[in-house]
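So the sequence shown is numbered by the working numbering: it starts at 210 and just counts up by one.
Report on one structure; see the data block that follows.
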Amino acid sequence: MLRKWYRYWTERRWTLGIALNSLKGIMEGEDFRMRPLRLEVEGHWFADPFILLQDEKRLVLLVEDFDIKKGYGCISRLCIDAQTLVLQERKVVLDLGKHISFPFILKTEKGFVMVPECSTHDRQYFYELDAEGEQCREIARIEGVEWSDAVIEKGLHGWLLYCMEPPQINGQKLHVYALSEDFKQATFVEERVFEENIARMGGDFFTYQGKKYRPAQFCRHYYGEGISIQTMDGKEVRRLFSPLSEWPIGPHTFQVGKDLIVVDMCRFVHPCIGKILYNITHKLFTIH
């Protein structure tokens, strides 16, 4: 009963948006600006956007699609008009009957591989996507892991996976694993420790003026407060927080596309009571 009461008063809603700054503007210190997209799907909210396809006519995203009635997220494909930024089509790509989110997209020579967060399943799945991202099939899984918000890059000697692990999945320790070429085996490489809660991945790596950067989640008080942009050696370049009073939390995903940056943002359903309760419990207990 107490848990149900707590969840009711601390319930949050996420939505997607775009940055109104260019990447250059953000990296050179402009005041961060963003606006929400028009995503009217009754009974659902969306977060964790990853860009699959982008051209002059459309923007195709894979996102966490949270069904409020069911109480868990699945992965959906959203097709958005590139000019009006209005949702044209929504299609569920993967529903495992239990919460999944953060559908990271790895672009390989063979095509697209989707790596959703499956920490509540105690395993990590890997899926091959078709060219349009409308269907997927499992190609690998690693059992007995609780990886949160995993992102993969190609290292000098193969795939490297960056993730968070319990007990402090919003804390200071980023874990790095080496993956086999077929994604079926993982070997621990290192633990990177930060001075603040800015370890958790907040999207795919991006390049600016020839240098690679890492978007991370800023979680000082609670999950999803903002974005920390860092160099690959962990030096923080800047932090981004929502300037919107109606969506005051976030972004916690920062996805760079072609002349476009997709983000997400959040609000409490019961803003006054929700924020107070959330802050109190997350100061007393481990952030999760």
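Where a beta carbon is used, it is the ideal one built from N, C-alpha and C, also for glycine.
Which residues in the same chain as residue i place their Cβ atom closer than 7 Å to its Cβ, once the five residues preceding and following it in sequence are excluded?
| i | result |
| --- | --- |
| C428 | N379, N406, R409, E434 and I496 |
| D257 | V272, E273, S310, F311, P312, T462 and D473 |
| W214 | none |
| Q439 | Y422, R423, A425, E445 and V446 |
| C327 | I309, Q333 and Y334 |
| P375 | E355 |
| F494 | Confidence at F494 is low in this model, with a pLDDT of 49, below 50, so the placement of that residue should be treated as unreliable; the coordinate-derived value is given next. Nothing listed; no residue qualifies. |
| D304 | C283 |
| I482 | W218 |
| T329 | K307 and H308 |
In the DSSP output, which residue or residues are listed as bridge partners for residue i?
| i | result |
| --- | --- |
| Q439 | R423 and E445 |
| M474 | T224 |
| F397 | Y386 |
| Y281 | D276 |
| E298 | C288 |
| I458 | C475 |
| Y432 | DSSP, once it has assigned bridges, lists no residue as partnering Y432. |
| A210 | As written in the sequence, residue 210 is Met, which differs from the Ala given in the question. Paired residues: none, contrary to the question. |
| T416 | K421 |
| R267 | D290 |
| F463 | V472 |
Short of 6 Å in beta carbon distance, which residues of its chain neighbour residue i, apart from the five on each side in sequence? Order them along the chain.
| i | result |
| --- | --- |
| F275 | W254 and G282 |
| W368 | I361 and L388 |
| P457 | S451 |
| Q426 | R409, G411 and H461 |
| V301 | C283 and S285 |
| F415 | Y422 and V465 |
| W223 | W254, A256, D473 and C475 |
| L453 | none |
| D370 | As written in the sequence, residue 370 is Leu, which differs from the Asp given in the question. A359, I361, Y386 and L388. |
Check this for me: beta carbons of residue i and residue j, under 8 Å apart or not?
| i | j | result |
| --- | --- | --- |
| I260 | V471 | yes |
| G252 | I277 | yes |
| W402 | L232 | Residue 402 is actually Val in this sequence, not Trp. Taking 8 Å as the Cβ cut-off, V402 and L232 do not qualify as a contacting pair. |
| R247 | V295 | yes |
| V478 | E265 | no |
| G342 | L449 | no |
| A359 | V324 | yes |
| L229 | M243 | yes |
| C345 | S357 | no |
| G320 | E337 | yes |
| R299 | L315 | no |
| A208 | I351 | No statement about residue 208 is possible, as the shown extent of the chain runs from 210 to 497 and does not include it. |
| L469 | I289 | no |
| A349 | F392 | yes |
Quick one: residues in its chain with C-beta nearer than 8 Å to the C-beta of residue i, no 5 flanking neighbours on either side, listed in chain order?
| i | result |
| --- | --- |
| E400 | K382, L383, H384 and V385 |
| G353 | D331 and R332 |
| G364 | A387 |
| Q297 | R267, C288, I289 and D290 |
| K467 | Q263 |
Cβ of residue i versus every heavy atom of the ligand FMN: is any distance shorter than 7 Å?
| i | result |
| --- | --- |
| E341 | Only the bare structure without any ligand can be found here, which leaves the ligand FMN out of the picture. |
Runs of alpha helix (DSSP H) wholly within the stretch 230-261 (minimum 4 residues, chain order): Within the stretch 230-261, complete alpha helix (DSSP H) segments of at least 4 residues are found at 232-236, given in chain order.
Minimum length 4: unbroken alpha helix (DSSP H) runs contained in the stretch 301-383: Within the stretch 301-383, complete alpha helix (DSSP H) segments of at least 4 residues are not found at all.
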